[in-house]
Each structure stands twice: as structure tokens, then as C-alpha cells.
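Remarks on the structure that follows.
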Amino acid sequence: MRTGVCKLCRRTAELQKSHLIPRAIFQKVKGGEKENIARIEKNIGATYPPGGGHIKAELLCHECEELFSKSEKTVANDCYVFNGRFPLFEKTKSISISDQYRQLTLPINKTSRFIFKDDWNNVIDGNAFLYFALSIFWRTSIFYWPRIGSSYYDALGRKYSEQIRMFLLTQNHQYLSHIYVCAVIQTVTPLAVISFPTCTKMNMFCWSHSFFIPGIMFIMYVGKQLPDCIEGLKSIDDFSFLEKDITQSKSYTNLCETILTTPAKGKLIKDWISS
Ligand SMILES: [Zn+2]
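This note's numbering puts the sequence shown at residues 7 to 281.
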């Protein structure tokens, strides 16, 4: 272990090897199989990742690593399991929406529904999902990760990565001004995939960021000019769940297209063709 400055608390300490995507989430994709996971890079092709595909870097001290791992465990236990159960969706299905929210006009169709804190509070540890999402966006942005390269490096910019760093340290929501996060639960055809964060510009002062873990797409809107519908949601809470069939959404179809059209290499060719 190397001594250095922890990126989160900024104390000098022995640094742990932190995962970009937590190991527990990888297990959900692998479904217990040793070689059941392929890494897809559009420019390079699809391969079995050497050494399990984990991307690690010395980022955090032991204490901060522990802070992160609490929410990681909760989310990993609730996300979709390859060819199996989806505990988060099983829980949200059982939640009935209270009258105060049922009457809201929300930017969704009839088959989708937002679930806000007052309703999920006794059923799901939603704070863990918010914390997890922000920790993944933050850690991907603040460091030039090997094998990911420059595509998301510094995507949050100095101001918002500092706000999120302070939130991750204190869990104080005052640091989330101009930031809104949603965990979209794939109600139809959940995919056992993991994607790294990407972002797109929505207007001069707003970016949307997203990534997938099995069964869940996390979306974050950041900027001082959030779309009106997002401002409306944020006025209720900084985070909510959304049950939605996202198979028609652009992010989902892009993801599927990438999976289907990226040529396989090496041992993977044989396995993909034979299956
Ligand atoms: Zn630390």
C-alpha cells in the first residue's frame, strides 16, 4: 500500500485500491460464473476481461473506502441478478403511491411512476442509492482511470465535483444544489450489464449524466438551468426512484446496439458463435 492524499477526505493516509465499479455489482452480472462477463469497448472490440475485469486505483483511505462500501452493499443486494430475481423491483412494486403525489403532473406516461421518499422510506434504503450513484459519478470524474481514458475525466467540473465530494463526506443535502439524481428501475427486460458513466449537454447550463448497473439506470442532472420538469421533481426531493419500461429510450437502445454490433475477439468469438 502506498501513502498519499485521500481524494475524499484529503488526509494523508495509506491508500486502498478502490474499484471503479464495486466488486459486488460485478458478481451480479457474472451470476457466479467465472467467465460469464465480457468487456465491450467500441474501438477495441469485445473480449473477456483479464483478471475479472476490475478497474482499480489508489484513491481513498481506509475510512473513506468503508464509507463507500456501505451503500455499495445495499445497492448490490437490491439490483437485478443475472437470469434471476430483482429485489429492488419486487420492493417498489409493493409500494402504493400516496395521494399527495398521485395528483402531481409528472413528465411520464401511464406505465411509469415516480416513487418519492415519503413512500419508499420504510421499504427501501433510498439514501444508499443516491449515495452510490453520486460516488460512482464522482470517482469516475475526478481521476484519469486506466482503460477508461479521457471520455469522462473531469466531466463534473471543479465546482460540482467539490459539491459532491462534500456531500459524500457529510451526507448533507445542502451540497446538492443544482443536482438531481434518479434511479430508473427497468420494469421490462432488465439487462445484466454495467456501463461506465457518460454525459450529454442538455442546454448551456445543464448536463445529464448516466450509467447502468444490472436492472437500474442512474441519471443525474447537473447545472444551474435544470429543465422545468427536473426542477419540479427536485422541489420534492434530490432523489427519487422511477419505475419505467426504458426499452424504447435512447440510452437503452444505444447500449443494446453497442453490445450487438461490437465484434468479439479471441476466446469470446468461439463462445459467442457457439451460443
Ligand atoms: Zn479519506
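Here a beta-carbon is modelled for each residue, glycine too, at the ideal position from N, C-alpha and C.
- A straight-line Cα-Cα distance of about 12 angstroms links Pro-152 and Glu-64.
- By the 16-neighbour rule on beta-carbons within 10 angstroms, Arg-8 is exposed.
- The three-state secondary structure of Leu-232, taken from DSSP, is coil.
- Within the segment 234-266, the alpha helix (DSSP H) runs of at least 4 residues that lie entirely inside it are, in chain order, 234-242.
- Per DSSP, the continuous beta strand (DSSP E) segment holding Gly-51 begins and ends at 51-53.
- Distances between the C-beta of Ala-63 and the heavy atoms of ligand 1 are all 7 angstroms or more.
- Three or more Cβ pairs drawn from the segment 82-101 and the segment 217-231 lie within less than 8 angstroms of each other, which places the two stretches in contact.
- Cβ-Cβ distances below 8 angstroms link Phe-211 to Gly-229, Lys-230 and Gln-231 in the same chain, with the five nearest sequence neighbours on each side left out; the list follows chain order.
- Listed by position along the chain, the residues with Cβ atoms less than 7 angstroms from a non-hydrogen atom of ligand 1 are Cys-12, Leu-14, Cys-15, Arg-17, Ala-19, Leu-66, Cys-67, Glu-69 and Cys-70.
- Within the model, the alpha-carbon separation for Phe-74 versus Asp-131 is close to 15 angstroms.
- If you ignore the 5 residues before and after Lys-34, its C-beta comes within less than 6 angstroms of the C-beta of Cys-85, Val-87 and Pro-220, all in its own chain and listed in chain order.
- Listed in chain order, the alpha helix (DSSP H) elements of length 4 or more contained wholly in the segment 98-134 are 105-108 and 123-126.
- According to the DSSP assignment, Ser-167 belongs to the alpha helix (DSSP H) that extends over 163-176.
- Within its own chain, the residues whose Cβ lies closer than 7 angstroms to the Cβ of Phe-92, once the five positions on either side in sequence are excluded, are Tyr-86, Pro-196 and Gly-221, listed in chain order.
- The beta carbons of Thr-98 and Ile-121 sit closer together than 8 angstroms.
- When the five nearest sequence neighbours on each side are left out, the beta carbons in the same chain lying within less than 6 angstroms of the beta carbon of Arg-119 are those of Glu-249, in order along the chain.
- A residue is called buried when at least 16 other Cβ atoms come within 10 angstroms of its Cβ; Arg-171 meets this threshold and is buried.
- Taking Asp-277 as reference, the option from Leu-21, Ile-43 and Ala-30 with the minimal CA-CA separation is Ile-43.
- Beta-bridge partners of Val-190 (DSSP): Met-223 and Leu-248.
- In this structure, the beta-carbon distance from Leu-136 to Phe-245 falls below 8 angstroms.
- Excluding sequence positions up to five before and after Thr-268, its CB lies within less than 7 angstroms of the CB of Ile-46, Lys-48, Gly-51 and Ala-52, all in the same chain and listed in chain order.
- Within 10 angstroms of the beta-carbon of Val-11 lie fewer than 16 other beta-carbons, which makes it exposed.
- In terms of Cα proximity to Leu-26, the closest of Tyr-159, Asn-127 and Ser-214 is Tyr-159.
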